[in-house]
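Please read the structure below before turning to the comments.
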Amino acid sequence: MREAKVTPTGVERTFDEDRLIVTKTDRKGIITYANAMFLEVSALTEREVLGQPHNVIRHPEMPRCVFQLLWERISHQKEIFAYVVNLAADGAHYWVLAHVTPSLDPAGSIVGYHSSRRLPQRKAVQEVQAVYAKLRAEEARHSRPADAVAASADLLRATLAERGQTYDQFVWALTEIAPVDEVVTRR
């Protein structure tokens with residue numbers, strides 16, 4: 000558990016593109032499992048993360064509206080792919096292309112969440128950074144957190160509408176990895 004607030008250093012950490020960062024949480028987002036890659040990249044120990052909220056790695060430059068969209072999707076038993084910048088315990092940051100899914104019990108009820116993250120392509124990060132900067136600027140214009148999230152969510156929707164894309168189309172347009180439904184369709 001972080002004792003003090005971590006200050007971003009501006010140092011970016013990367014990892015091998017063939018490695019996956021994996022975590023599992025309970026329904027409230029409390030970490031119940033973290034693989035060795037997560038621990039390495041986040042500069043945390045298993046003892047420091049198990050039982051802690053997943054937002055222990057939240058970077059202050061990550062727009063809150065993206066997390067709102069994430070929780071909206073997964074709480075309705077839908078998966079989401081998202082570009083996320085995380086903050087390691089030593090102040091370094093690292094970008095990931097996250098795939099978050101709900102974990103279901105045999106009756107179909109959500110019991111937690113599973114996230115697998117891979118290294119995103121540099122060109123995707125550059126484009127996402129530009130969009131996220133605008134969303135954060137919009138959030139900064141509002142003193143109430145709820146107003147900030149609502150305003151940036153509206154801006155995200157307007158940005159996507161201007162591009163003629165859904166959120167999923169925006170994410171997949173930035174990556175060279177084809178989503179599963181496109182791979183199946185191409186056969």
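If you count the sequence shown from 1, position 23 lands on 22 in numbering that gives the first Met the number 0, and the numbers rise without skipping.
Even glycine gets a Cβ: it sits at the ideal position worked out from N, Cα and C.
>> Looking at the secondary structure, which residues open and close the alpha helix (DSSP H) in which Ala123 lies?
In response: 121-139
> From Asn34 to Ser74, what does the alpha carbon distance come to, in whole angstroms?
Replying inline: 23 Å
> CB-CB under 8 Å to Ile30, same chain, minus the five flanking residues each way: which ones, in chain order?
Replying inline: Thr22, Lys23, Thr24, Val48, Leu49, Gly50, Gln51, Pro52, His53, Val55
> Which residues in the same chain as Val130 place their Cβ atom closer than 7 Å to its Cβ, once the five residues preceding and following it in sequence are excluded?
Replying inline: Thr158
>> Three Cβ pairs or more, each shorter than 8 Å: is that satisfied between the segment 72-86 and the segment 99-106?
In response: yes
> So is Ala97 buried or exposed if we call it buried at 16+ other beta carbons inside 10 Å?
Replying inline: buried
> Are the segment 78-91 and the segment 149-165 touching, with three or more C-beta to C-beta distances below 8 Å?
Replying inline: no
>> Can you tell me where the alpha helix (DSSP H) holding Ala145 begins and where it ends?
In response: 144-162
> Over what stretch of residues does the beta strand (DSSP E) that includes Phe80 continue unbroken?
Replying inline: 79-86
>> Starting from Leu19, trace the beta strand (DSSP E) in both directions and tell me its first and last residue.
In response: Counting along the chain, Leu19 falls outside any beta strand (DSSP E), and DSSP gives it neither H nor E.
>> Taking 8 Å as the limit between beta carbons, can you name the residues of its chain near Val182, skipping five residues before and five after?
In response: Note that Val182 has pLDDT 43, beneath the 50 cutoff, so the model's placement of it is unreliable and the number below is only indicative. Excluding sequence neighbours, Val182 sits near nothing in its chain.
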